[in-house]
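Worksheet: the structure to be examined is printed underneath.
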Amino acid sequence: MAGLQLRGVRKSFGSLEVIRGVDLDVEDRSFVVFVGPSGCGKSTLLRMIAGLEDISAGEIAIGERRVDDLAPAERGIAMVFQSYALYPHMSVRENMEFGLRMAGVGVSEREGFVTRAARTLRLDGLLERRPRALSGGQRQRVAIGRAIVRDPDVFLFDEPLSNLDAALRVQMRVELARLHHDLQRTMIYVTHDQVEAMTLADRIVVLDAGRIEQVGAPMDLYRSPANLFVAGFIGSPKMNFLDAVVETAPDGGARARLPGGTVVDVPVRPRGERATFGVRPEHLVHGAQTAGLPSLRGRAVVVERLGGATLVHLALDGDVTVTLQVAGDSEIRLDETVEVGIRPETTHLFGPEGNAWPRD
Amino acid sequence: MAVVRSRRARRRIGVVLSYAAMLTIVVFAIFPIVWCLLVSLKPESEIVSAQMTYWPRTVTFENYVAIWTRSNFPTLIMNSVVTTTITVAICIVVGTLASYAISRYRFRGRSALMLGYLVVRMFPAVMIIIPLFIVMRGFGLLDSRLGLALAYTTFLLPVFIWMMKGYLDAVPPEIEDAARVDGSSRIGAMVRVVLPLVLPGLVATAVFIAIGAWNEYLIALMLTTSTGSRTWPVGLQLMVGEFQLPWGSLAAGGIISIIPVVVLFVLVQRVMVKGLTAGAVKG
Amino acid sequence: MTALSEARLGDGDRRVRRVPHVRLGALGRLSERRGWAWLLLLPSLVMILAIILYPTGYGLWLGLHEMRLTRPDRDGFVGLKHFIAIADDPIFWLSLRNTLVWVVGSVVGELALGLAAALVLNKDLPGFKLAAALVLLPWFLPNVVAGNIWAMMLDPRLGVINDVLVRMGVLTTYRAWFAEPDLALAAAMAVEIWHGFPFFALLLLAALKAIPQDLYEAAACDGAKAWDQFVHVTLPQLRMIIVASVVLRVISLVNSPEILLILTGGGPGRSTQVLSLYAFLKAYKEFNFGYASALATVMFLLLMLFSWAYVRLSNVMRD
Ligand SMILES: Nc1ncnc2c1ncn2[C@@H]1O[C@H](COP(=O)(O)OP(=O)(O)OP(=O)(O)O)[C@@H](O)[C@H]1O
Ligand SMILES: [Mg+2]
Numbered sequence: 209m210a211g212l213q214l215r216g217v218r219k220s221f222g223s224l225e226v227i228r229g230v231d232l233d234v235e236d237r238s239f240v241v242f243v244g245p246s247g248c249g250k251s252t253l254l255r256m257i258a259g260l261e262d263i264s265a266g267e268i269a270i271g272e273r274r275v276d277d278l279a280p281a282e283r284g285i286a287m288v289f290q291s292y293a294l295y296p297h298m299s300v301r302e303n304m305e306f307g308l309r310m311a312g313v314g315v316s317e318r319e320g321f322v323t324r325a326a327r328t329l330r331l332d333g334l335l336e337r338r339p340r341a342l343s344g345g346q347r348q349r350v351a352i353g354r355a356i357v358r359d360p361d362v363f364l365f366d367e368p369l370s371n372l373d374a375a376l377r378v379q380m381r382v383e384l385a386r387l388h389h390d391l392q393r394t395m396i397y398v399t400h401d402q403v404e405a406m407t408l409a410d411r412i413v414v415l416d417a418g419r420i421e422q423v424g425a426p427m428d429l430y431r432s433p434a435n436l437f438v439a440g441f442i443g444s445p446k447m448n449f450l451d452a453v454v455e456t457a458p459d460g461g462a463r464a465r466l467p468g469g470t471v472v473d474v475p476v477r478p479r480g481e482r483a484t485f486g487v488r489p490e491h492l493v494h495g496a497q498t499a500g501l502p503s504l505r506g507r508a509v510v511v512e513r514l515g516g517a518t519l520v521h522l523a524l525d526g527d528v529t530v531t532l533q534v535a536g537d538s539e540i541r542l543d544e545t546v547e548v549g550i551r552p553e554t555t556h557l558f559g560p561e562g563n564a565w566p567r568d
Numbered sequence: 130m131a132v133v134r135s136r137r138a139r140r141r142i143g144v145v146l147s148y149a150a151m152l153t154i155v156v157f158a159i160f161p162i163v164w165c166l167l168v169s170l171k172p173e174s175e176i177v178s179a180q181m182t183y184w185p186r187t188v189t190f191e192n193y194v195a196i197w198t199r200s201n202f203p204t205l206i207m208n209s210v211v212t213t214t215i216t217v218a219i220c221i222v223v224g225t226l227a228s229y230a231i232s233r234y235r236f237r238g239r240s241a242l243m244l245g246y247l248v249v250r251m252f253p254a255v256m257i258i259i260p261l262f263i264v265m266r267g268f269g270l271l272d273s274r275l276g277l278a279l280a281y282t283t284f285l286l287p288v289f290i291w292m293m294k295g296y297l298d299a300v301p302p303e304i305e306d307a308a309r310v311d312g313s314s315r316i317g318a319m320v321r322v323v324l325p326l327v328l329p330g331l332v333a334t335a336v337f338i339a340i341g342a343w344n345e346y347l348i349a350l351m352l353t354t355s356t357g358s359r360t361w362p363v364g365l366q367l368m369v370g371e372f373q374l375p376w377g378s379l380a381a382g383g384i385i386s387i388i389p390v391v392v393l394f395v396l397v398q399r400v401m402v403k404g405l406t407a408g409a410v411k412g
Numbered sequence: 003m004t005a006l007s008e009a010r011l012g013d014g015d016r017r018v019r020r021v022p023h024v025r026l027g028a029l030g031r032l033s034e035r036r037g038w039a040w041l042l043l044l045p046s047l048v049m050i051l052a053i054i055l056y057p058t059g060y061g062l063w064l065g066l067h068e069m070r071l072t073r074p075d076r077d078g079f080v081g082l083k084h085f086i087a088i089a090d091d092p093i094f095w096l097s098l099r100n101t102l103v104w105v106v107g108s109v110v111g112e113l114a115l116g117l118a119a120a121l122v123l124n125k126d127l128p129g130f131k132l133a134a135a136l137v138l139l140p141w142f143l144p145n146v147v148a149g150n151i152w153a154m155m156l157d158p159r160l161g162v163i164n165d166v167l168v169r170m171g172v173l174t175t176y177r178a179w180f181a182e183p184d185l186a187l188a189a190a191m192a193v194e195i196w197h198g199f200p201f202f203a204l205l206l207l208a209a210l211k212a213i214p215q216d217l218y219e220a221a222a223c224d225g226a227k228a229w230d231q232f233v234h235v236t237l238p239q240l241r242m243i244i245v246a247s248v249v250l251r252v253i254s255l256v257n258s259p260e261i262l263l264i265l266t267g268g269g270p271g272r273s274t275q276v277l278s279l280y281a282f283l284k285a286y287k288e289f290n291f292g293y294a295s296a297l298a299t300v301m302f303l304l305l306m307l308f309s310w311a312y313v314r315l316s317n318v319m320r321d
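Protein chains in written order, with my numbering: chain A, 209 to 568; chain B, 130 to 412; chain C, 3 to 321.
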């Protein structure tokens, strides 16, 4: 029913430009997540879509409708705020009804919508309470309920789960995914939580310093990051980066020489002589599987046991460290010397300007 | 054991001393008011007797009856009520809009404007009174309750705006954003969400302004000349000066006129103190 | 969790809108426009211009003119004549001196008493909240009532204060507080201090309550005695608010002659005549608007100078 288009959208606060030309197409009914480091402009971009911030340049359309001259009220959107922003002087019912009242929906119909949404979100018994008398999780549900009763074209979420504790966050994440599936509405979701982004999104938009770095399905971003920034930002623990000197391999691929002399044939087309070599901690292999693979040796300086997995930080020669992820029951000890193997097909090379060299 | 006991004893002495100091200050602060009340309840003979009585030997309300029925005090009070009401009404309408704009929008000249509202307080009353006198005479507003209320607005509107801004700043802007996304216009969000939330602050501010207008003496003295608009502070002081108002009646008049002040103050005291001291806490 | 499947709010075809889009009315639209803030400010700006700035400008202008309601024939521009006259006016200098004594004495007294009250009331014991509210009462009393109550209490024949002081043996005979030139200003100051100290108590108490408790705990760990704590923890935290409240108070003390007008009218002689009272009486009794305006202008300039120097000085002293 309503996709979303941004064309050349910019925003400046005084002389400070915080959104520097964003073009984005959001498909109808898709779940799009904006991620990026703190201060990169995620909230600002979301608020511009909502109409809460004027745009300095560009166009915004929802559905086929140009909305950048419309008031937030007229854009057919609903928004859930990090601080919930419930109306403290109204009961839960009045909070949820507010938007319907503004839209001129009759009393009996309102009653129906609110009751149904309340049942969905398990707020049945709380309708007459004030927000003050609710727990954090319940407030969050009311905020979401307030959004869904309005039946908006587009839902906007600004870090809605960041004030909840870890367990509740996981639970609400699952509920949001279901909600999206059931409601079939376009949702735009801001977070700086990796896991939320990877699990919820149909498409992830990675932002940095007011620009889009890459847009794509979560696994595409994970497998083929377009640049160093995305490679470092998506995936946890963070991808390992090493300086590499590159020459052309006999098969036309890139032969990367790493510090310490290890040579890896990366299946990408070489674009220069210097590059940054990247490999994810979970893609490094250890133990018996190392045989026949190019390898790195290092001393285990930190061993973090997470239970299901263990992270080992290795100090290589020349002040370089590499993180390795192994099984939780791994017996690697502190100060042990460890050899790790590199599977060439899991590695990446990035040029000096940060862009990934494309695979064949 | 002995150490524990002595420490406890010391703490008890500390508490006793705290109460003693607190009572001293409270007595100092309210003794004159209590004294005024006592005098107002004494018969004239007891007030003028050379033998000082602290507690009235006979309690009488004749002073209240006297000031209320044998002078134009009711008219004076009525004038004050009308003047105060007009002042407060103007401040609420004009000041709420202005303080909302200052609290919610960032525009060029905003801080200069805020400072301007404050600097206005630096002008000596006399400096404003004379031109006001001349201007009001020109518009036929001299010796009128509306004119006096307008004059009061000069020094109370800036106070209102400052105080109201503090209360408005305490309402999170996201609540208003939510209302706007939910289908309200800016003004709709202000009326349906922001104003209900600052209502206690608005009432406290209005009371503060009302007390200021109710108590004012100097401007009223200059701008009113007849019973038609004269307010009670001027009228009472005139009775003291010209008609040698007996003490009992004076005290009764004083008590009558400060009752609304005390009652209103007690009602909104908590919120008002918060508003008045918001700046002090922020530093 | 299966309840979630009921989130299929739309029955049947979900493409039919059940909740219509909002359309704002004209006023709502207007309130979304950029100029709305100025529209909200407009009434107050007009009022401030019309009833504050214009009269003030007029007042400055008047200071350069002759204007006596009693002698309209002499009206006209006289340049700096009034200001030259002021420089030669012994009553002006006397009033200035009285103003200094009056303001400094009152502010110091009010600040000291206000600070003491705030320290005393800053306790978490039952009854102290009520006490803090009661202590504020004098500040809300009208000058007319405050002045007359004290006039009654300080009465030379029937005043309760004389009675108390004689009983306590402080005085041997009743005194006429407002009749003796040396005593009148001091007595008036005592009244003013009673009337004004709650202002300081209010602000300082709030500031005291805002001092983080861990500062004291840190100081206590360092073995600081109560007095050291007061000097090294409390006072520095109160600095800003003391500076600010003193400016505000000085401004209102200089500008308002009310309490003196009620208590003494400037007498006996001119012993309690302050500048604001002098200017007011020139206007109110003599209708000499030009000269009174010139006096007010001088007061305003002195106040500006004081505020500037004072804020400057207190900033310098901090470094
Ligand atoms: N009203 C404003 N005035 C000036 N600068 C602003 C304003 N709002 C945001 N900014 C700046 O714009 C930049 C982007 O802010 P924004 O809130 O969009 O970041 P964010 O990506 O949401 O960060 P976070 O993850 O911390 O919420 C920041 O540098 C911020 O300081
Ligand atoms: Mg944000």
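C-beta atoms are modelled at their ideal positions from N, C-alpha and C, and glycine is treated no differently. Computed from a predicted model, the values in this text were never measured in an experiment.
Checklist entry - Which stretch, first to last residue, makes up the beta strand (DSSP E) that contains F558/A? => result Residue numbering aside, residue 558/A sits at position 350 when the first sequence is read from its first letter. Taken as a continuous stretch (DSSP letters only), the beta strand (DSSP E) holding F558/A covers H556 to F558.
Checklist entry - For Y312/C, which residues from the same chain have a beta carbon less than 7 Å from its beta carbon, with the 5 sequence-adjacent residues on both sides left out? => result For the purposes of this step, residue 312/C is taken as the residue at position 310 of the third sequence. Hits under 7 Å: V249.
Item to check | Proximity test, Cβ basis, 8 Å: Y176/C and chain B | outcome: Taking the first residue of the third sequence as position 1, residue 176/C is located at position 174. Taking CB atoms only, Y176/C has no neighbour in chain B less than 8 Å away.
Item to check | CB contact below 8 Å: M256/A versus chain B | outcome: Taking the first residue of the first sequence as 1, we reach residue 256/A at position 48. For M256/A, the answer is no, since every Cβ of chain B falls outside 8 Å of its Cβ.
Next on the checklist: What does the alpha-carbon distance come out to for the pair L331/B and A280/B?
Outcome noted: As a first step, residue 331/B must be located in the second sequence, where it is residue number 202. As a first step, residue 280/B must be located in the second sequence, where it is residue number 151. CA-CA distance, L331/B to A280/B, rounds to 22 Å.
Checklist entry - Taking Cβ-Cβ distances below 7 Å as the criterion, which residues of the segment 291 to 302 of chain B are in contact with chain A? => result Within the segment 291 to 302 of chain B, the qualifying residues are P301.
Checklist entry - When you compare only the Cα positions, how much space is there between A145/C and I264/C? => result Residue numbering aside, residue 145/C sits at position 143 when the third sequence is read from its first letter. Residue numbering aside, residue 264/C sits at position 262 when the third sequence is read from its first letter. A small correction: the amino acid at residue 145/C is Asn; Ala does not occupy that position in the sequence shown. Rounded to whole angstroms, N145/C to I264/C spans 8 Å at the Cα level.
Next on the checklist: Suppose the cutoff is 7 Å on Cβ atoms and the five residues either side in sequence are ignored; what does the same chain contact list for E173/B look like?
Outcome noted: Within the second sequence, the letter at position 44 stands for residue 173/B. Setting aside the 5 residues that flank it on each side, E173/B is surrounded in the same chain by P375 and G377, each with a C-beta closer than 7 Å to its C-beta; the list follows chain order.
Checklist entry - Between which two residues does the beta strand (DSSP E) harbouring M220/A extend? => result Translated into the one-based positions of the first sequence, residue 220/A becomes position 12. First, the amino acid is wrong: residue 220/A is Ser here, not Met. First-last of the beta strand (DSSP E) with S220/A: L212 to F221.
Next on the checklist: According to DSSP, is S289/B part of a helix, a strand, or is it coil?
Outcome noted: Within the second sequence, the letter at position 160 stands for residue 289/B. Strictly speaking, residue 289/B in this sequence is Phe, with Ser absent from that position. F289/B falls in the helix class under three-state DSSP.
Checklist entry - On the premise that Y292/A lies in contact with R347/A, defined as a C-beta separation below 8 Å, what is that separation, rounded to the nearest angstrom? => result Mapped onto the first sequence, residue 347/A falls at position 139. Mapped onto the first sequence, residue 292/A falls at position 84. Beta-carbon to beta-carbon, R347/A and Y292/A are separated by about 5 Å, close enough to satisfy the 8 Å threshold.
Checklist entry - Measuring CB to CB, does V223/B end up less than 8 Å from M155/C? => result Counting from one through the second sequence, the residue named residue 223/B turns up at place 94. Counting from one through the third sequence, the residue named residue 155/C turns up at place 153. Taking 8 Å as the Cβ cut-off, V223/B and M155/C do not qualify as a contacting pair.
Checklist entry - From what residue to what residue does the beta strand (DSSP E) around T394/A run? => result Against the first sequence, residue 394/A aligns to sequence position 186. Per DSSP, T394/A belongs to the beta strand (DSSP E) from T394 to V398.
Checklist entry - Any C-beta of chain A sitting closer than 8 Å to the C-beta of R25/C? => result Here residue 25/C corresponds to residue number 23 of the third sequence, with the count starting at 1. By the rule that beta-carbons nearer than 8 Å mark a contact, R25/C touches chain A.
Next on the checklist: Give me the subset of the segment 251 to 276 of chain C whose CB atoms are less than 9 Å from a CB atom of chain A, sorted by chain position.
Outcome noted: The segment 251 to 276 of chain C vs chain A, Cβ under 9 Å: nothing.
Next on the checklist: If distances are taken between C-alpha atoms only, which option among A150/B, S355/B, G383/B and Y229/B comes closest to G295/B?
Outcome noted: Here residue 295/B refers to the residue found at position 166 when the second sequence is read from its first residue. Cα-wise, what sits closest to G295/B is Y229/B.
Checklist entry - Going along chain B, which residues have a C-beta under 8 Å from R358/A? => result One-based indexing of the first sequence puts residue 358/A at position 150. Those within 8 Å of R358/A in chain B are D311 and G312.
Next on the checklist: Residues of chain B with CB closer than 8 Å to the CB of A535/A, please, in chain order.
Outcome noted: Within the first sequence, the letter at position 327 stands for residue 535/A. By Cβ distance, chain B contributes nothing, its closest Cβ being about 45 Å from A535/A, past 8 Å.
Checklist entry - Using a C-beta to C-beta distance shorter than 9 Å, which residues of chain B count as neighbours of F306/A? => result Numbered from 1 along the first sequence, position 98 holds the residue referred to as residue 306/A. For F306/A, the chain B residues whose Cβ falls inside 9 Å of its Cβ are A307, A308, D311, G312, S313, R321 and V322, in order along the chain.
Checklist entry - Would the C-beta of K219/A count as close to ligand 2, meaning under 7 Å from any of its heavy atoms? => result Stepping through the first sequence from its first residue, residue 219/A is reached at position 11. In this structure, K219/A has its beta carbon at no less than 7 Å from each heavy atom of ligand 2.
Checklist entry - Touch check for the segment 56 to 64 of chain C and the segment 313 to 321 of chain A: three-plus C-beta pairs under 8 Å? => result Segment contact: the segment 56 to 64 of chain C against the segment 313 to 321 of chain A, fewer than three CB-CB distances shorter than 8 Å; contact not assigned.
Next on the checklist: Please report the distance separating the alpha-carbon of R177/C from that of V162/C.
Outcome noted: In the third sequence, the residue the question calls residue 177/C occupies position 175. In the third sequence, the residue the question calls residue 162/C occupies position 160. Roughly 11 Å separates the two Cα atoms.
Checklist entry - Quick one: what's M427/A bridged to in DSSP? => result On the first sequence, position 219 is the one that residue 427/A refers to. Partner(s): none; M427/A has no beta bridge.
Next on the checklist: Measuring straight from C-alpha to C-alpha, what distance separates F236/B and I338/B?
Outcome noted: Along the second sequence, read from residue 1 onward, the residue named residue 236/B stands at position 107. Along the second sequence, read from residue 1 onward, the residue named residue 338/B stands at position 209. Going from the Cα of F236/B to the Cα of I338/B covers about 27 Å.
Checklist entry - At which residues does the beta strand (DSSP E) containing N576/A begin and terminate? => result Residue 576/A is absent from the structure shown; chain A starts at 209 and stops at 568.
Item to check | For L55/C and A296/C, the rounded distance between their alpha carbons | outcome: The residue you call residue 296/C lines up with position 294 of the third sequence. The residue you call residue 55/C lines up with position 53 of the third sequence. Taking the straight line from one Cα to the other gives about 17 Å.
Next on the checklist: For a quick check, are the C-beta atoms of N100/C and L187/C less than 8 Å apart?
Outcome noted: If you number the third sequence from 1, residue 100/C lands on position 98. If you number the third sequence from 1, residue 187/C lands on position 185. Closer than 8 Å, so yes.
Checklist entry - Would you report the Cα separation of V109/C and F372/B, rounded to the nearest angstrom? => result The count along the third sequence starts at 1 and reaches residue 109/C at position 107. The count along the second sequence starts at 1 and reaches residue 372/B at position 243. Distance between V109/C and F372/B, taken at the CA atoms: about 34 Å.
Next on the checklist: Per DSSP, what are the beta-bridge partners of D451/A in this structure?
Outcome noted: What you label residue 451/A is simply residue 243 of the first sequence in a count that begins at 1. Beta-bridge pairing links D451/A to T484/A.
Item to check | Check whether V378/A and L331/A have beta carbons under 8 Å apart | outcome: Residue 378/A sits at position 170 when you count from the first residue of the first sequence. Residue 331/A sits at position 123 when you count from the first residue of the first sequence. At a Cβ-Cβ threshold of 8 Å, V378/A and L331/A do not count as neighbours.
Next on the checklist: Please classify D366/A as buried or exposed, where buried requires at least 16 neighbouring CB atoms within 10 angstroms.
Outcome noted: Indexing the first sequence from 1 puts residue 366/A at position 158. Around the beta carbon of D366/A, a 10 Å sphere encloses 16 or more other beta carbons of the protein chains shown; the residue is thus reported as buried.
Next on the checklist: Please tell me whether, using a cut-off of 7 Å, the distance from the CB of K294/B to the nearest non-hydrogen atom of ligand 2 is below it.
Outcome noted: Counting from 1 along the second sequence, the entry for residue 294/B is found at position 165. No heavy atom of ligand 2 is found nearer than 7 Å to the CB of K294/B.
Checklist entry - Using a Cβ cut-off of 7 Å, which residues of the segment 282 to 309 of chain A contact any Cβ in chain C, in chain order? => result So the list reads E282, G284 and L308, given in the order they occur along the chain.
Checklist entry - Is there at least one non-hydrogen atom of ligand 1 closer than 7 Å to the beta-carbon of V255/B? => result Translated into positions along the second sequence, residue 255/B becomes position 126. No, ligand 1 has no heavy atom inside 7 Å of this Cβ.
Checklist entry - Alpha carbon to alpha carbon, how far is G81/C from G198/C? => result Numbered from 1 along the third sequence, position 79 holds the residue referred to as residue 81/C. Numbered from 1 along the third sequence, position 196 holds the residue referred to as residue 198/C. The alpha-carbon separation between G81/C and G198/C amounts to approximately 39 Å.
Next on the checklist: Threshold first: 4 residues or longer. Then list the alpha helix (DSSP H) segments lying entirely within the segment 165 to 238 of chain B, N to C.
Outcome noted: The qualifying runs are 173 to 177, 191 to 198, 202 to 219 and 225 to 233.
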